[in-house]
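Remarks on the structure that follows.
Number of protein chains: 2
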Amino acid sequence: MKRDSRLSGVLHVLLHMAERNEPVTSDVLARAMDTNPVVIRRIMSGLRDQGYVRSEKGHGGGWSLARDLAAITLRDVYQALGQPSLFAVGNRTEAPGCLVEQAVNATLDRAFDEAEALLLSRLEDVTLARLSADFQRRLGDRRNRHRLETAHGS
Amino acid sequence: MKRDSRLSGVLHVLLHMAERNEPVTSDVLARAMDTNPVVIRRIMSGLRDQGYVRSEKGHGGGWSLARDLAAITLRDVYQALGQPSLFAVGNRTEAPGCLVEQAVNATLDRAFDEAEALLLSRLEDVTLARLSADFQRRLGDRRNRHRLETAHGS
DNA sequence: TTTCATGTAACTATCGATATTACATGAAGG
DNA sequence: CCTTCATGTAATATCGATAGTTACATGAAA
Chain A
3 MKRDSRLSGV LHVLLHMAER NEPVTSDVLA RAMDTNPVVI RRIMSGLRDQ
53 GYVRSEKGHG GGWSLARDLA AITLRDVYQA LGQPSLFAVG NRTEAPGCLV
103 EQAVNATLDR AFDEAEALLL SRLEDVTLAR LSADFQRRLG DRRNRHRLET
153 AHGS
Chain B
3 MKRDSRLSGV LHVLLHMAER NEPVTSDVLA RAMDTNPVVI RRIMSGLRDQ
53 GYVRSEKGHG GGWSLARDLA AITLRDVYQA LGQPSLFAVG NRTEAPGCLV
103 EQAVNATLDR AFDEAEALLL SRLEDVTLAR LSADFQRRLG DRRNRHRLET
153 AHGS
């Protein structure tokens, strides 16, 4: 089953937006996410409605962050996307008449509910600021590796 | 995103098979799961290969359980289905060159891995025997409710 | 040797999600 | 103003994954 990559993609573009100080157009973001500008607008509209980003029309327009990175958790972003269903596996029918199926559903539902609660709490623990810091650390690591390799090479 | 209901469906038919003492044909199972006999055979083939069920050809043939209900966990069934991916949400790309995306993926992967581990351990805790007992309890409940209602009505 | 059932390959249909097109709205530049 | 650039959004097209179907082979029982 194909996975919904909007969460991953949106986090990606949000962090890229944070690196810039000016609005970024849907066109630029679309290229970064390898998709269509209209798709970007559709996805970002939820974030705008929740007040996480701003959009401006006309010259110099585009998307920009409306809040501090530390004030946005991954769970916020997930919710702003409309809380797409997290699981690729589910019950055949809701509210079946068959008692066998009711028993099956009850057990599966409990297991999935627990997993969902854990997942959401993990997403809540992480802010965009932390993701950004993680990115900066990786950037430093790469630079160090590069310096060492260059020193070896010379 | 549409959910894969094979796990739910297979558990359903396995419990129905347990209620009978004779082989059940793919045709009958297909009607119970509201699908096609060929689909049943496809799905059950994994369970057969793992030794959980048997299939016989010819007159009086069909599917029957090869093990005790207490010896089959929901995780066993999940694995026999080929461990379909549990989550409907995932990373846009694996092994991206972009460091921003690497940071995003690393964080999401950790959260999803934890949730998956929890979910699998819950599935491992439940045997088909326990599901069957749950079903029997529901059957008793329904009978009791029905008796009470009948008494009220007369 | 006929009937019934599974095994499996190949093909088709369906359906949801993404991509695209088209046009409206509105802001900034000249 | 009016042209350009950008978003907003509805309508439509395209694509891919999965279930469903058809067809035929295998093999067991009557």
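Here the protein sequences line up with chains A and B, keeping their order. Okay, so the first sequence: first residue is 3 according to the numbering used here, each after it adds one. Okay, so the second sequence: first residue is 3 according to the numbering used here, each after it adds one. Cβ coordinates follow ideal geometry from the N, Cα and C atoms, glycine included.
Quick one: what does DSSP say residue i is sitting in, helix, strand or coil?
| i | result |
| --- | --- |
| D6 (chain B) | strand |
| T37 (chain B) | coil |
| P109 (chain B) | A small fix is needed here, since residue 109 (chain B) is Thr in this sequence, not Pro. It is helical. |
| S156 (chain B) | Model confidence at S156 (chain B) stands at a pLDDT of 49, short of 50, so the residue's coordinates are unreliable and nothing is read from them. |
| L67 (chain A) | strand |
| R57 (chain B) | The displayed chain sequence assigns Ser, not Arg, to residue 57 (chain B). S57 (chain B) falls in the strand class under three-state DSSP. |
| V128 (chain B) | coil |
| E118 (chain B) | helix |
| A20 (chain A) | helix |
According to the neighbour-count rule (16 or more other Cβ atoms, all chains shown, within 10 Å of its Cβ), is residue i buried or exposed?
| i | result |
| --- | --- |
| D29 (chain A) | exposed |
| V15 (chain B) | buried |
| R2 (chain A) | Here chain A has residues from 3 to 156 only, and residue 2 (chain A) is not among them. |
| D115 (chain A) | exposed |
| A90 (chain A) | buried |
| V79 (chain A) | buried |
| S156 (chain B) | For S156 (chain B), the predicted structure reports a pLDDT of 49, less than 50, and the residue's modelled location is therefore unreliable. A value from the coordinates is still provided. By the neighbour-count rule (16 or more Cβ atoms within 10 Å), S156 (chain B) is not buried but exposed. |
| N23 (chain A) | exposed |
| N146 (chain A) | exposed |
| I150 (chain B) | Reading off the sequence shown, one finds Leu at residue 150 (chain B), where the question assumed Ile. Per the 10 Å Cβ criterion, exposed. |
| G92 (chain A) | buried |
| N107 (chain B) | buried |
| E103 (chain B) | buried |
For a quick check, are the C-beta atoms of residue i and residue j less than 7 Å apart?
| i | j | result |
| --- | --- | --- |
| P25 (chain B) | G53 (chain B) | no |
| E118 (chain A) | L88 (chain A) | yes |
| G11 (chain A) | R112 (chain B) | no |
| L71 (chain A) | A34 (chain A) | no |
| L49 (chain B) | V40 (chain B) | no |
| L121 (chain A) | F137 (chain B) | no |
| L83 (chain B) | R8 (chain B) | yes |
| R140 (chain B) | A73 (chain A) | no |
| M19 (chain B) | L67 (chain B) | yes |
| L13 (chain B) | S134 (chain B) | no |
| T27 (chain B) | V128 (chain A) | no |
| I45 (chain B) | L31 (chain B) | no |
Just checking residue i against the ligand FAD - is the residue's beta carbon closer than 6 Å to any of the ligand's heavy atoms?
| i | result |
| --- | --- |
| A117 (chain A) | As for the ligand FAD, it is missing from this structure, which has no ligand bound. |
So which residues on chain B does residue i lean against when the C-beta distance must stay under 9 Å?
| i | result |
| --- | --- |
| S165 (chain A) | No statement about residue 165 (chain A) is possible, as the shown extent of chain A runs from 3 to 156 and does not include it. |
| T75 (chain A) | Per Cβ cutoff of 9 Å: no residues; T75 (chain A) is ~11 Å from chain B at best. |
| R147 (chain A) | The contacting residues do not exist; R147 (chain A) stays about 12 Å from chain B at best. |
| L71 (chain A) | Those within 9 Å of L71 (chain A) in chain B number zero; the least Cβ separation is about 13 Å. |
How would you list, in chain order, the residues of chain B whose beta-carbon sits under 7 Å from the beta-carbon of residue i?
| i | result |
| --- | --- |
| A113 (chain A) | L121, R124 and L125 |
| Q1 (chain A) | This structure does not reach residue 1 (chain A), given that chain A is present from 3 up to 156, and the question cannot be answered. |
| L67 (chain A) | Within chain B, no residue comes near L67 (chain A); the closest Cβ sits about 14 Å away, beyond 7 Å. |
What does residue i touch in chain B if you count any residue whose Cβ is under 8 Å from its own?
| i | result |
| --- | --- |
| L101 (chain A) | F137, R140, L141 and R144 |
| R50 (chain A) | Going along chain B, no residue has its Cβ under 8 Å from R50 (chain A), so there is no contact; the nearest lies around 20 Å. |
| R43 (chain A) | Chain B residues near R43 (chain A): none, gap ~18 Å exceeds 8 Å. |
| R56 (chain A) | Within chain B, no residue comes near R56 (chain A); the closest Cβ sits about 21 Å away, beyond 8 Å. |
| T27 (chain A) | Result: empty, since nearest Cβ-Cβ is about 18 Å, beyond 8 Å. |
In chain A, what lies closer than 8 Å to residue i by C-beta?
| i | result |
| --- | --- |
| N38 (chain B) | Correct list: empty, because the minimum Cβ distance to chain A is about 14 Å. |
| R33 (chain B) | Result: empty, since nearest Cβ-Cβ is about 12 Å, beyond 8 Å. |
Can you pull the chain A neighbours of residue i, defined as C-beta to C-beta under 9 Å?
| i | result |
| --- | --- |
| L150 (chain B) | Result: empty, since nearest Cβ-Cβ is about 18 Å, beyond 9 Å. |
(message) Any C-beta of chain B within less than 7 Å: which residues of the stretch 9 to 24 of chain A qualify?
(response) Result list: L9, S10, G11, L13, H14, L17 and H18.
(message) For the stretch 117 to 137 of chain B, list every residue whose C-beta sits within 7 Å of some C-beta in chain A, in sequence order.
(response) Within the stretch 117 to 137 of chain B, the residues whose Cβ lies closer than 7 Å to some Cβ of chain A are A117, L120, L121, R124, L125, V128, L133, D136 and F137, listed in chain order.
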